[in-house]
Amino acid sequence: MRALAEQLDRGEEGRDFTSIYSECAAVLYREIDYLNEGRNADRFRRNFRSSSLPWVRAPRVYWQYCGPRVLVLEYLPGIKISDVPRLASAGVDLQRVAARATEAYLVQMLRHGFFHADPHPGNISVDPRTGDLLFYDFGMMGEIVPDVRERLMDVFYGVYRKDTDLVLRSLVSLQVLRPSGDTTSVRRALRYFIDNIARQAERQETIQAIGEDLFAIAVDQPFRFPATFTFVLRAFSTLEGLCKGLDPHFSFGRVAAPLAGE
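Just remember that our numbering sits 352 ahead of the position in the sequence shown, which is counted from 1.
This is the structure in structure tokens:
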């Protein structure tokens, strides 16, 4: 697989398949380490315990019963986030669940720098009594180091403010964009991308479509996306599918805008 990734890199200037392969391999090996998963669960729970989102919960780890092949967690029952009929019959506010799930992920990525990379329906439930989000299965986690997180927040804020210069500077700092003397064509591409995000938000188009636009721009421009971006887009694409199942009128942009403006 590594050889194939290296071969693909020779023909794809905008993508780093070798790094993506290495990151996926590392995640796979970490995912089957139960002690690592327990540490992840503890860290995730601590992050939200000290945050302003008390409605995000994760199970406690009973370390005295754990080992490399055994992981014992607190029992946290709930209704699967994709089980819309059961949630509705329990009187759960579906729009609020969708908004909370999105806010929880933005906080994970932009504030904590440590995020659940596999938000499929089996890994998130809702407590019907309180509306709390319950997260499970912490084998596949993503991490964004502080300096990268700060630059990502700058990108996010720049897109929100439609500030092409801020987005450009932040992408150079992230080494996503290779600096060059003439940035005219890059600025034009970024302006198109930022304007297109606004149009997609108004038309309630998907994160997946935005990701496709981003990678399409990279074909013609000197962009190189780190492996972490792949996991971020994958997580948000999966999450968006869940949110649209809860709320057909769900718009990622509307939920994200208040956080971007902070």
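For glycine and all other residues, C-beta sits at the position ideal for the given N, C-alpha and C. Here the structure is a predicted model, which is why all the values come from computation and not from measurement.
Supposed contact pair residue j and residue i - C-beta distance, whole angstroms, cut 8 angstroms
| i | j | result |
| --- | --- | --- |
| T454 | C595 | 6 angstroms |
| L520 | R503 | Contact flag wrong, Cβ pair sits at about 12 angstroms. |
| D609 | Y509 | Note on residue identity: the sequence assigns Ala, not Asp, to residue 609. Not really, about 11 angstroms apart at Cβ, beyond 8 angstroms. |
| V607 | M461 | That belief does not hold up - the Cβ atoms of V607 and M461 are roughly 14 angstroms apart, past 8 angstroms. |
Inter-residue spacing [alpha-carbon to alpha-carbon] between residue i and residue j
| i | j | result |
| --- | --- | --- |
| S589 | T582 | 10 angstroms |
| G494 | Y417 | 26 angstroms |
| S477 | R395 | 19 angstroms |
| P406 | F487 | 13 angstroms |
| V459 | D506 | 15 angstroms |
| S441 | P600 | 18 angstroms |
| G443 | P480 | 8 angstroms |
| Y457 | G593 | 14 angstroms |
| D515 | Y386 | 44 angstroms |
| L439 | L598 | 9 angstroms |
| L591 | H472 | 7 angstroms |
| F545 | P420 | 46 angstroms |
| P429 | A587 | 23 angstroms |
| R401 | S522 | 30 angstroms |
| I431 | D499 | 37 angstroms |
Close-in-space but distant-in-sequence residues of the same chain around residue i (CB under 6 angstroms, 5 per side omitted)
| i | result |
| --- | --- |
| N392 | F490, M493 |
| Y414 | V424 |
| D484 | W407, R409 |
| T536 | none |
Nonlocal neighbours in the same chain, by C-beta distance under 8 angstroms from residue i, ignoring five residues either side
| i | result |
| --- | --- |
| R397 | R409, A410, P411, R412 |
Beta-carbon proximity list for residue i, same chain, < 7 angstroms, skipping 5 on both sides
| i | result |
| --- | --- |
| E426 | P411, R412 |
| R543 | T516 |
| S434 | P473, L594, G597 |
Chain B within 7 angstroms of residue i, Cβ atoms only
| i | result |
| --- | --- |
| E495 | Included in the structure is just one protein chain, with no chain B present. |
Is the number of C-beta pairs between the stretch 437 to 452 and the stretch 463 to 471 that are closer than 8 angstroms three or more? The stretch 437 to 452 makes no contact with the stretch 463 to 471: fewer than 3 CB pairs, one atom from each, lie closer than 8 angstroms.
To test your reading of the DSSP string, which unbroken beta strand (DSSP E) runs of 3 or more residues are found completely within the stretch 456 to 518? 466 to 468, 476 to 478, 485 to 487, 493 to 495
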